[in-house]
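Inspection log for the structure reproduced underneath, given as structure tokens.
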Amino acid sequence: MPLNWVQSLLNWYRENKRNLPWREQKDPYAIWVSEIMLQQTRVDTVLDYYRRFLGRFPNMASLAEAELDEVLKYWEGLGYYTRARNLHRGAGEVMTKHRGVFPDNHRDVLALPGIGEYTAGAIMSIAFNEPYPAIDGNVLRVASRLFLLEQDIKSTGVKKEVEGLLKGVFPRQECSDFTQALMELGALICLPTSPKCQECPVQRDCKAYRHNRQQELPLKSKSGRQKKVQRYIAIVQERDRVLMGKRPERGLLGGLWEFPGVEGQNMEDFRQFKKEYNLEVTPCEHWIDTKHIFSHITWDMKVYRCSCRPEAIRESPLQWVYIQELHNIAIPTAFQKIREKILQEKNVSPTGTGR
DNA sequence: AATTCGGGGGA
DNA sequence: TCCCCAGAATT
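The UniProt record's numbering numbers the first residue of the first sequence as 1 and each following residue consecutively.
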């Protein structure tokens, strides 16, 4: 009697799984951190962040006691910064509501901030070995081919269908490996384009392969186009300090530091500084241009060295930041080039930065 | 149900 | 260029 596809998949996983740092133990805290980092983020990108983060915040208490700004600094460049905020807040909730012990039931796990259906399922199955499916992009792609699901995989109906199908076949003693095996198959074999069906452990059970339609699946609705926005940025320096602002907690790049700037069509929009920052600046020297591409927006940034009246700064929400401190605050990738140039200039000509 | 939210890698 | 990635929260 041939093995069913679940056993075949499990056998393949145990032979071929990658050695990843979050697979070296079953600590729910460490699994939690890894799952949050891996949301919409590739494994290769996460590896270094994960090691540094766990080195600094090795357990729930250390994370809960840390300052949010330091957590954001460790998240700098990783994107989706709400994840870091929710991770920090979640650690606080575990300390106060669960006596510092990560909850081991689905309801309480799902209630933590930043944890949705996928992450709750991942933690319950991987860390606690319980039969809760974790349906991510990989699993949806694998399932759409394995079961020949011909609807948009982003629809809630397909997710519910996959959830039901997986719950029906969960190997009760091997939930942890099963969840990870499905994702590993999607990451290594059942690729978005040109899947490696010849190496696939469940080829025999794959409906899409049987009908030679694996290239057509999964079906997915198209995403919108990206907008282009010009952004004028003012670099205001005096001696060894530079003017910066902290972005609001909510919204794009929430809670991170930025060089003051406004969106606009032309130079005249520098006047908007008065509205947005309660600050008047006089653009004087065009410094550099830089570009940053987000998922849906492209920032074309025109950067000017500026000056302003000292009293205007006191009335603005902006703050002077020592240039040395630029290393210690969280600045989004969009502004890294500007930061580097300021640091470079400071190091190269320590006496000649004044005008 | 549709948008928002980062950033990087690959076709 | 566009899509994709161990998605969640908001509207």
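Virtual Cβ for every residue (Gly too), placed ideally from N, Cα, C.
Spatial neighbours of residue i within its chain, please: CB distance less than 8 Å, with the 5 preceding and 5 following residues excluded, ordered by chain position.
i, result
"I31", "W22, A122, I123, I126 and A127"
"G352", "Any reading at G352 must be qualified, since the residue scores a pLDDT of 42, below 50, and its modelled position is unreliable; no value is offered."
"Q180", "Y13, K17, R23 and I126"
"Q226", "I293, F294, S295, H296, I297 and T298"
"P350", "Because the pLDDT of P350 is 47, which lies under 50, any placement of that residue in the model is unreliable, and the number read from its coordinates should be weighed accordingly. No residues qualify anywhere along the chain."
"S221", "D152 and K154"
"N11", "L3 and P201"
To the nearest angstrom, how far is it from the Cα of residue i to the Cα of residue j?
i, j, result
"S34", "R250", "23 Å"
"F178", "K17", "12 Å"
"C306", "V71", "32 Å"
"P131", "N59", "26 Å"
"G354", "K346", "Its pLDDT being 38, under 50, G354 is placed unreliably in this model, and the value from its coordinates should be taken loosely. Distance between the alpha carbons of G354 and K346 is about 10 Å."
"L112", "G90", "6 Å"
"T119", "L110", "8 Å"
"I342", "L38", "32 Å"
"A84", "W75", "7 Å"
"W5", "P248", "49 Å"
"L87", "P103", "14 Å"
"V43", "R239", "42 Å"
"E117", "C308", "50 Å"
"L326", "A66", "20 Å"
"S194", "N19", "24 Å"
"L54", "N212", "44 Å"
"L188", "R172", "25 Å"
"E150", "Q344", "54 Å"
"residue 376", "C190", "This structure leaves residue 376 out entirely; the chain is present only between 1 and 355."
"D205", "T41", "30 Å"
Using 10 angstroms around the beta-carbon of residue i, count the other beta-carbons present and answer buried if the total reaches 16, otherwise exposed.
i, result
"C284", "exposed"
"R210", "exposed"
"R271", "exposed"
"Y322", "exposed"
"L252", "exposed"
"N138", "buried"
"D136", "buried"
"K26", "exposed"
"I293", "exposed"
"Q237", "buried"
"V158", "buried"
"E15", "exposed"
"residue 356", "This structure does not reach residue 356, given that the chain is present from 1 up to 355, and the question cannot be answered."
"E311", "exposed"
"E184", "buried"
Check whether the Cβ atoms of residue i and residue j sit closer than 7 Å, and answer yes or no.
i, j, result
"C175", "N129", "yes"
"P133", "E161", "no"
"L78", "Y50", "no"
"G245", "L166", "no"
"K339", "I329", "This sequence places Arg at residue 339; Lys is not what is there. Not closer than 7 Å, so no."
"Y81", "G254", "yes"
"T333", "K228", "no"
"K274", "E280", "yes"
"N278", "S223", "no"
"F170", "E258", "no"
Can you list, in chain order, the residues of its chain with a C-beta nearer than 7 Å to that of residue i? Leave out the 5 residues immediately preceding and following it.
i, result
"W320", "R241 and L243"
"residue 361", "Residue 361 lies beyond the range of the chain shown here (1 to 355); nothing can be said about it."
"C197", "Q203, Y209 and Q214"
"K337", "T290"
"W287", "I235, V303, Y304 and R305"
"F147", "L165 and K207"
"L256", "L72, Y81, R247, A330, I331 and P332"
"R52", "Y74"
"R56", "Y74"
"Y29", "N59, M60 and F102"
"H106", "A120, M124 and Y132"
"P192", "R141"
CB-CB under 6 Å to residue i, same chain, minus the five flanking residues each way: which ones, in chain order?
i, result
"M301", "R231, I233 and T290"
"P218", "R141, S144 and I153"
"V46", "M37 and L38"
"L68", "H88"
"L63", "F57 and A91"
"G186", "N138, R141 and V142"
- request: Would you mind listing the beta strand (DSSP E) stretches within the region 252-278 that are 3+ residues and don't spill past its ends, in chain order?
  value: 261-263
message: In chain order, what are the residue ranges of uninterrupted alpha helix (DSSP H) at least 4 long that sit wholly in the region 216-246?
response: none
query: Which runs of the beta strand (DSSP E), 3 residues or longer, sit entirely within the region 265-346?
result: 281-293, 297-308 and 319-322
message: So within the region 145-171, which uninterrupted alpha helix (DSSP H) runs reach at least 4 residues, ignoring any that extend past its ends?
response: 156-167
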